[in-house]
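In case it helps, UniProt numbering puts the sequence shown at residues 1 to 192.
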Amino acid sequence: MVLNTWKNPSICLSPDVRSRLNYQEFRSSYKCTANCSIVTQFNGSFPAMKFLAATLLIFAIFHASGADQKPYDKQHWERTNQLCSRLLRTPQEARDLIAQKKFDDDANEAMHCVIRCTGIVSGTYDDERGTVMEMMEVQAQGKTGFAEFRSAAEECYGGFGPEDYGDDWCKKSYLYFKCDWKAWVQHVKKVE
Numbered sequence: 001m002v003l004n005t006w007k008n009p010s011i012c013l014s015p016d017v018r019s020r021l022n023y024q025e026f027r028s029s030y031k032c033t034a035n036c037s038i039v040t041q042f043n044g045s046f047p048a049m050k051f052l053a054a055t056l057l058i059f060a061i062f063h064a065s066g067a068d069q070k071p072y073d074k075q076h077w078e079r080t081n082q083l084c085s086r087l088l089r090t091p092q093e094a095r096d097l098i099a100q101k102k103f104d105d106d107a108n109e110a111m112h113c114v115i116r117c118t119g120i121v122s123g124t125y126d127d128e129r130g131t132v133m134e135m136m137e138v139q140a141q142g143k144t145g146f147a148e149f150r151s152a153a154e155e156c157y158g159g160f161g162p163e164d165y166g167d168d169w170c171k172k173s174y175l176y177f178k179c180d181w182k183a184w185v186q187h188v189k190k191v192e
């Protein structure tokens, strides 16, 4: 019996991503159709949803515990951007801008969402708190200028508010990212 159909292309996984994920637990509960509808089968309970919630909670606790406290390398950021781009089915134009580190396109909503996804997956951004400075400090290990970066970024955050992004979570993360990117490039330097 079909309980619900939820049409949201951003949550559908492409075949190459699905093949790498272990989703056998979810196969009986979720089916992604050609138009990316997710059909939830009702079977009296929602064991797959409970399992998913528990898995995400464990991941969040592990991630927040700081178990992996070392700066990410360039390959990590590239892999994370690629994963988010595939999951969100980002147009090539936005992917090219990100690859070229041209983050000044305020109108490119697809790029905003990839930036949000990358920040959330890497732990450097949170929808409620904004930039996670503890993780940014980890990224600055072996470099100088973190205090100046933090000060400049936080000053920049004061230049926008909810009236600038409304309920657009991607735009909110993009505004935070623009402040972070500008302050990082300006203040954080490798120790020579």
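Here a beta-carbon is modelled for each residue, glycine too, at the ideal position from N, C-alpha and C.
- One thing to note: Leu-88 has its Cβ no nearer than 8 Å to the Cβ of Val-121.
- Here Tyr-72 carries a coil assignment [DSSP, helix/strand/coil].
- Rounded to whole angstroms, the Cβ separation of Met-136 and Thr-124 is 6 Å, and the two are in contact under 8 Å.
- Assignment of Gly-159 by DSSP, reduced to helix, strand and coil, places it in the coil class.
- For the stretch 81-162, not one full-length beta strand (DSSP E) segment reaches 3 residues or more.
- Annotation for Thr-131: Thr-124, Tyr-125, Ala-153, Tyr-176, Asp-180 place their beta carbon closer than 7 Å to its own, counting only its chain and skipping 5 residues before and after.
- Taken atom to atom, the span from the alpha-carbon of Lys-189 to that of Tyr-72 is near 15 Å.
- In this structure Gln-139 is buried. Its beta-carbon is surrounded by 16 or more other beta-carbon atoms within 10 angstroms.
- Going by DSSP, Asp-180 is part of the alpha helix (DSSP H) stretching over 169-187.
- Proximity to Glu-163 across Cys-156, Lys-172, Pro-91 peaks at Lys-172, based on C-alpha coordinates.
- In this model, Trp-169 and Tyr-157 are separated by some 15 Å (Cα to Cα).
- Rounded to whole angstroms, the separation of the alpha carbons of Lys-143 and Tyr-174 is 24 Å.
- As the crow flies, the alpha-carbon of Arg-95 is around 11 Å from that of His-112.
- Measuring C-alpha to C-alpha distances from His-187 to each of Glu-148, Glu-128, Asp-106 identifies Glu-148 as the nearest.
- About 6 Å separates the beta carbon of Arg-150 from that of Met-133, a gap short enough to meet the 8 Å contact definition.
- Cβ contact annotation for Trp-77 (same chain, cutoff 8 Å, sequence separation greater than five): Thr-118, Ser-122, in chain order.
- Your pair Pro-91 and Ala-107 does not check out as a contact, with CB atoms roughly 13 Å apart and the cut at 8 Å.
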